[in-house]
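Report on the structure given below.
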Amino acid sequence: MTQYLLRRVLIAIPSLLGISVILFTVLALAPGDPFEELATNPAIPPEVRQNLRASLGLDDPIYLRYFAWLGSMLQGDWGYSFISRIPVDDLILQRLPTTVAVIGASQVLALCIALPVGVMAATRPYSLFDQVANTLAFVGFSLPTFFTGLLLILLFSIHLDWLPFVYSTKIDATGLAWWWAQLKQSIMPIAVLGLFQGAAWTRFVRSAVLDVVRLDHVTTARAKGLPESRVTLRHVVRNAMIPVVTLVALQMPAVFGGAIVTEQIFRVPGIGSLLITSILSNDTPVIMAVTFVFAALVIFFNLVADILYGWLDPRISYR
Amino acid sequence: MSAATMAAAAPPPAAAAGPRLLEIAGLKVHFRTDDGWVRAVDGVDIGVDRGETLCVVGESGCGKTVTAMTILKLIAMPPGKIVAGSILWQGRDLVPLGPDQMRAIRAKEIGFVFQEPMTSLNPVYTVGEQIAEAVRQHEGLSRRAARDRAAEMLRLVNIPNPQRRVDDYPHQFSGGMRQRVMIAMALSCNPKLLIADEPTTALDVTIQAQILDLMQEMKERLGMAVLLITHAMGVVAETAQRVVVMYAGQVVEEAPVEALFGRPMHPYTQGLIRSIPRLDLAATEHRRLEAIPGTVPSLLNPPAGCRFAARCRHAIPACSAAPPPLREVTPGHLAACIRAEEIS
Numbered sequence: 001m002t003q004y005l006l007r008r009v010l011i012a013i014p015s016l017l018g019i020s021v022i023l024f025t026v027l028a029l030a031p032g033d034p035f036e037e038l039a040t041n042p043a044i045p046p047e048v049r050q051n052l053r054a055s056l057g058l059d060d061p062i063y064l065r066y067f068a069w070l071g072s073m074l075q076g077d078w079g080y081s082f083i084s085r086i087p088v089d090d091l092i093l094q095r096l097p098t099t100v101a102v103i104g105a106s107q108v109l110a111l112c113i114a115l116p117v118g119v120m121a122a123t124r125p126y127s128l129f130d131q132v133a134n135t136l137a138f139v140g141f142s143l144p145t146f147f148t149g150l151l152l153i154l155l156f157s158i159h160l161d162w163l164p165f166v167y168s169t170k171i172d173a174t175g176l177a178w179w180w181a182q183l184k185q186s187i188m189p190i191a192v193l194g195l196f197q198g199a200a201w202t203r204f205v206r207s208a209v210l211d212v213v214r215l216d217h218v219t220t221a222r223a224k225g226l227p228e229s230r231v232t233l234r235h236v237v238r239n240a241m242i243p244v245v246t247l248v249a250l251q252m253p254a255v256f257g258g259a260i261v262t263e264q265i266f267r268v269p270g271i272g273s274l275l276i277t278s279i280l281s282n283d284t285p286v287i288m289a290v291t292f293v294f295a296a297l298v299i300f301f302n303l304v305a306d307i308l309y310g311w312l313d314p315r316i317s318y319r
Numbered sequence: 001m002s003a004a005t006m007a008a009a010a011p012p013p014a015a016a017a018g019p020r021l022l023e024i025a026g027l028k029v030h031f032r033t034d035d036g037w038v039r040a041v042d043g044v045d046i047g048v049d050r051g052e053t054l055c056v057v058g059e060s061g062c063g064k065t066v067t068a069m070t071i072l073k074l075i076a077m078p079p080g081k082i083v084a085g086s087i088l089w090q091g092r093d094l095v096p097l098g099p100d101q102m103r104a105i106r107a108k109e110i111g112f113v114f115q116e117p118m119t120s121l122n123p124v125y126t127v128g129e130q131i132a133e134a135v136r137q138h139e140g141l142s143r144r145a146a147r148d149r150a151a152e153m154l155r156l157v158n159i160p161n162p163q164r165r166v167d168d169y170p171h172q173f174s175g176g177m178r179q180r181v182m183i184a185m186a187l188s189c190n191p192k193l194l195i196a197d198e199p200t201t202a203l204d205v206t207i208q209a210q211i212l213d214l215m216q217e218m219k220e221r222l223g224m225a226v227l228l229i230t231h232a233m234g235v236v237a238e239t240a241q242r243v244v245v246m247y248a249g250q251v252v253e254e255a256p257v258e259a260l261f262g263r264p265m266h267p268y269t270q271g272l273i274r275s276i277p278r279l280d281l282a283a284t285e286h287r288r289l290e291a292i293p294g295t296v297p298s299l300l301n302p303p304a305g306c307r308f309a310a311r312c313r314h315a316i317p318a319c320s321a322a323p324p325p326l327r328e329v330t331p332g333h334l335a336a337c338i339r340a341e342e343i344s
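As they're listed, the protein sequences go chains A and B.
1 is the number of the first residue of the first sequence in this note's numbering; add one for each residue after it.
1 is the number of the first residue of the second sequence in this note's numbering; add one for each residue after it.
Printed below as a string of structure tokens:
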């Protein structure tokens, strides 16, 4: 097991390097230049601009710039934002807790909906509960988050005026009041993301459970005289969790990407909105760092999925 | 092992000492489909006495598996439904029992071995856990005691190295070994009846014999009765004391094993026996293997008279007029054929 993990981590290194090469090249070839503003500024003479470019190595060939980036990144120096002059790692660390809190809570909400509803629906196929759950799930994952998000804002912020529609990092309150304000402004983004994900997962859980319910070993479990609840939990749900866990783990990085839209709608100052603003302002170091973090997350959750898979299914062996 | 040794080992037939172990009477199990109700089991009477081996034989789809599963109510309801009849277990009718009362009977009183050893065990638990689960459910043993019982059961069914194998997963066992595990599981609570639904069909021939021998050994050691469902006449000859032949959801013949093979009375049974491949005759006489012509009638709308009449070489007009009753033609030998005497 340790050896397997070690090998998987070692394999991850070339993948990450490859990803960084591609990212870096694409960004370097993209039109736009952080010095565009300086170029149009008549107060700066051309030679000064030229010297500045040379000192920053902006005119070097791409591969030299890549190795320079790689070298400093490995030493923990992720560069400075062209726009705000703040170190990129500080910028990311500033935004990360909000994103993790909102996304984490929405994923927990999604699982809390998908697992019980999916299992209940599958163990009573074609019942009224199943039909209602199926229809709602279908509606839920057909509606895009930017639509449901705006709908919720319209209803709860504009008409009812219950919830704020702009997420604020500066809340003038302490203790319980702070938590209350935090909760009020997080409810809508969490609900929008969580319900969307929950709807998709409900359908997946239902079909995974339906696949297991008709297997022979479930009849064996019943023939042992086990109570129906135990048959369902230990012999149906436990087996159905194998594909579900894999899907959830593999989807985690995608969720970070999908959250960008939600973060934009609710003005959540998360890592997604950081990426959007940095793309809009050609802030290459920030784009590079954030996309690289996403790539690392993809690889990390792939590894998590593999480990969970082996832990859930004894037929998988680590060799 | 032969029919003779098996018969010798059998205890005397149960006398009038109380009710029979299992007495199925007039059982009808129908399944709802889009096309209508399929009468999978349509008026079946089967009795099992303490300590005997009863074989239920018939081709695929004749209702033998549904009958067996219905005893423990393991069929899916819906779409299945017990339309009529009673299943008396030691005199007590199982048909009206609720789920909790049925659970107390499953594994504890009646053990069940399924056809497919490859899929009948849950792949994510060790075989020890799966055997222990039944023991813990019915006898309330501690985790440790249940594990010891599981290892003991594995030893009983001749699995080498039981103390170590008890912690192995099903995929680490071969098909034959898994069927041994299934038998160990079914016997772990010491049931009075073991129902085995085609336990050897999915195994290759040498393993089949081993499993049949094992079941015979277990039966003698634990003194239980065995209800063996099979479609192989060879298995019947080797194991049974009494045989019930089913066709299209009904019992067509019931007899002690020697009488059945010595003087089969129903044309369907005669056809089954003739269709056993005989290597000795094939070599010397170049005889073709005999088959029963035609196919099983639809159970959606079974014919009014004898259900076998359309395939029967002895059929007369009277056969299709009314269903032939199952009657005792000679003592202990029942057949559902109006011409049983003349054609046997």
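For every residue, glycine included, the Cβ atom is placed at its ideal position computed from N, Cα and C.
Check: Given that a residue counts as buried once 16 or more other Cβ atoms are within 10 Å of its Cβ, and exposed if not, what is A/G270?
Finding: Working through the first sequence from its first residue, we reach residue 270 of chain A at position 270. With 16 or more other Cβ atoms within 10 Å, it is buried.
Check: Taking the alpha-carbon positions, what's the B/H333 to B/Q216 distance?
Finding: Working through the second sequence from its first residue, we reach residue 333 of chain B at position 333. Working through the second sequence from its first residue, we reach residue 216 of chain B at position 216. Distance between the alpha carbons of B/H333 and B/Q216: 24 angstroms.
Checklist line | Where A/P164 falls: helix, strand or coil (DSSP) | finding: Residue 164 of chain A sits at position 164 when you count from the first residue of the first sequence. Here A/P164 sits in coil by DSSP.
Check: Going by other Cβ atoms of all chains shown within 10 Å of its Cβ, with 16 needed for buried, is B/R221 buried or exposed?
Finding: As a first step, residue 221 of chain B is located in the second sequence; it is residue number 221 there, counting from the start. By the neighbour-count criterion, in which 16 or more other beta carbons inside 10 Å mark a residue as buried, B/R221 falls on the exposed side.
Checklist line | A/P116 - containing alpha helix (DSSP H), residue span | finding: Position 116 of the first sequence, counting from 1, holds the residue named residue 116 of chain A. Its alpha helix (DSSP H) spans residues V88 to T123.
Item checked: chain B contact residues for A/A223, given Cβ-Cβ distances below 7 angstroms -> By one-based count along the first sequence, residue 223 of chain A stands at place 223. Within chain B, the residues near A/A223 are L72, L74, R106, A107 and F112.
Next item on the list: Return the bridge partner residues of A/G71 from the DSSP annotation.
Entry: On the first sequence, position 71 is the one that residue 71 of chain A refers to. Partner(s): none; A/G71 has no beta bridge.
Notebook entry, point to check: Does A/P227 have its Cβ less than 9 angstroms from a Cβ in chain B?
Noted result: For the purposes of this step, residue 227 of chain A is taken as residue 227 along the first sequence, with counting starting at 1. So yes, A/P227 belongs to the interface.
Check: DSSP on B/A240, reduced to helix/strand/coil?
Finding: Here residue 240 of chain B refers to the residue found at position 240 when the second sequence is read from its first residue. Reduced to three states, the DSSP call for B/A240 is coil.
Notebook entry, point to check: What first and last residue would you give for the beta strand (DSSP E) that runs through B/S86?
Noted result: The count along the second sequence starts at 1 and reaches residue 86 of chain B at position 86. Residues G80 to W89.
Check: Sorted by chain position, which residues of the same chain lie with C-beta nearer than 6 angstroms to B/I159's C-beta, five sequence neighbours on each side aside?
Finding: By 1-based counting over the second sequence, the position of residue 159 of chain B is 159. These residues qualify, in order along the chain: R165 and R180.
Item checked: Residues that DSSP places opposite B/L22 in a beta bridge -> Mapped onto the second sequence, residue 22 of chain B falls at position 22. According to DSSP, which records beta bridges pairwise, B/L22 is partnered with B/V48 and B/W89.
Next item on the list: Within 10 angstroms of the Cβ of B/M6, are there 16 or more other Cβ atoms? Answer buried if so, exposed if not.
Entry: In the second sequence, counting from the first residue as 1, residue 6 of chain B sits at position 6. Here the model assigns B/M6 a pLDDT of 44, short of 50, so the residue's position is not dependable and the matter cannot be decided.
Notebook entry, point to check: How about A/N282: is its C-beta nearer than 9 angstroms to some C-beta of chain B?
Noted result: Here residue 282 of chain A is taken as the residue at index 282 of the first sequence, counted from 1. Cβ-Cβ to chain B under 9 angstroms: no for A/N282.
Check: In chain order, what residues of the stretch 117 to 146 of chain B put their CB closer than 7 angstroms to some CB of chain A?
Finding: T119, S120, L121, N122, P123, V124, E133, A134, Q137 and H138
Checklist line | Neighbouring residues, chain A, relative to B/R103 (Cβ below 8 angstroms) | finding: Locating residue 103 of chain B in the second sequence gives position 103, counting from the first residue. In chain order: G225, L226 and P227.
Next item on the list: Determine whether the Cβ of A/L312 lies closer than 9 angstroms to any Cβ atom of chain B.
Entry: The sequence position of residue 312 of chain A within the first sequence is 312, counting from 1. It does; some Cβ of chain B falls within 9 angstroms.
Check: What span of residues does the beta strand (DSSP E) with B/H333 cover, start to end?
Finding: Within the second sequence, the letter at position 333 stands for residue 333 of chain B. Residues H333 to A335.
Check: From A/L215, A/L111, A/L183 and A/R214, pick the residue whose C-alpha is nearest to that of A/A200; which is it?
Finding: By 1-based counting over the first sequence, the position of residue 200 of chain A is 200. When each option's Cα is compared against that of A/A200, the closest is A/L111.
Next item on the list: Can you check DSSP and say which residues form a bridge with B/E253?
Entry: For this step, residue 253 of chain B is matched to residue 253 along the second sequence. Beta-bridge pairing links B/E253 to B/V245 and B/A335.
Next item on the list: Decide yes or no for the touch test of the stretch 254 to 270 of chain B against the stretch 336 to 343 of chain B: beta carbon pairs closer than 8 angstroms, at least 3 of them.
Entry: Yes, they touch.
Checklist line | B/R103 (DSSP reduced to helix, strand or coil) | finding: As a first step, residue 103 of chain B is located in the second sequence; it is residue number 103 there, counting from the start. B/R103: helix per DSSP, three-state reduction.
Note to self: For B/A336 and B/M69, what's the separation of their Cα atoms in angstroms?
What the structure shows: The sequence position of residue 336 of chain B within the second sequence is 336, counting from 1. The sequence position of residue 69 of chain B within the second sequence is 69, counting from 1. So the two alpha carbons sit approximately 24 angstroms from each other.
Check: At a cut of 8 angstroms, does the stretch 27 to 45 of chain B reach the stretch 162 to 178 of chain A through at least three beta carbon pairs?
Finding: no
Notebook entry, point to check: What's the C-alpha gap between B/G175 and B/P79?
Noted result: For the purposes of this step, residue 175 of chain B is taken as the residue at position 175 of the second sequence. For the purposes of this step, residue 79 of chain B is taken as the residue at position 79 of the second sequence. Going by the C-alpha atoms only, they are around 31 angstroms apart.
Item checked: Cutoff 7 angstroms; reference B/L299; Cβ partners in own chain excluding five residues on either side -> Translated into positions along the second sequence, residue 299 of chain B becomes position 299. Excluding residues within five positions, the ones whose Cβ falls inside 7 angstroms are V38, R39, A40, A248 and G249.
Item checked: 8 angstroms Cβ cut-off: residues of chain B touching A/H320 -> Past the edges of chain A, shown from 1 to 319, lies residue 320 of chain A, and the structure says nothing about it.
Item checked: Residue-level contact to chain A via CB, B/A40, 9 angstroms cutoff -> Sequence index remark: in the second sequence, residue 40 of chain B carries index 40 (1-based). False, the Cβ-Cβ gap to chain A never drops below 9 angstroms.
Check: Alpha carbon to alpha carbon, what distance is there between B/H30 and B/P12?
Finding: Taking the first residue of the second sequence as position 1, residue 12 of chain B is located at position 12. Taking the first residue of the second sequence as position 1, residue 30 of chain B is located at position 30. With a pLDDT of only 45 at B/P12, under the threshold of 50, the placement of this residue in the model should not be trusted; the figure read from the coordinates follows. Annotation: B/P12 to B/H30 spans about 36 angstroms, alpha carbon to alpha carbon.
Check: Taking the Cβ atom as the reference point for each residue, do B/A225 and B/L187 lie within a distance shorter than 9 angstroms?
Finding: Translated into the one-based positions of the second sequence, residue 225 of chain B becomes position 225. Translated into the one-based positions of the second sequence, residue 187 of chain B becomes position 187. For the 9 angstroms CB-CB criterion, B/A225 and B/L187 do not form a contact.
Checklist line | Straight-line gap, A/T135 to A/Y63 (C-alpha atoms, nearest Å) | finding: Counting from one through the first sequence, the residue named residue 135 of chain A turns up at place 135. Counting from one through the first sequence, the residue named residue 63 of chain A turns up at place 63. Rounded to the nearest angstrom, the two C-alpha atoms are 53 angstroms apart.
Next item on the list: Classify A/D313 as helix, strand or coil using the three-state DSSP reduction.
Entry: The count along the first sequence starts at 1 and reaches residue 313 of chain A at position 313. The answer is coil: DSSP assigns A/D313 none of H, G, I, E or B.
Note to self: When you compare the CB of B/A304 with every CB in chain A, is at least one pair closer than 9 angstroms?
What the structure shows: Counting from one through the second sequence, the residue named residue 304 of chain B turns up at place 304. No, its Cβ sits nowhere closer than 9 angstroms to a Cβ of chain A.
Notebook entry, point to check: Quick one: does A/T219 have its CB under 9 angstroms from some CB of chain B?
Noted result: For the purposes of this step, residue 219 of chain A is identified with residue 219 of the first sequence, where counting begins at 1. Yes, A/T219 lies at the interface with chain B (some Cβ there is under 9 angstroms from its Cβ).
Check: Using a beta-carbon distance below 9 angstroms, is A/R206 in contact with chain B?
Finding: Your numbering for residue 206 of chain A matches position 206 in the first sequence. For A/R206, the answer is no, since every Cβ of chain B falls outside 9 angstroms of its Cβ.
Check: Per DSSP, B/L227 forms a beta bridge with which residues?
Finding: Against the second sequence, residue 227 of chain B aligns to sequence position 227. Answer is B/L54 and B/I195, bridged to B/L227.
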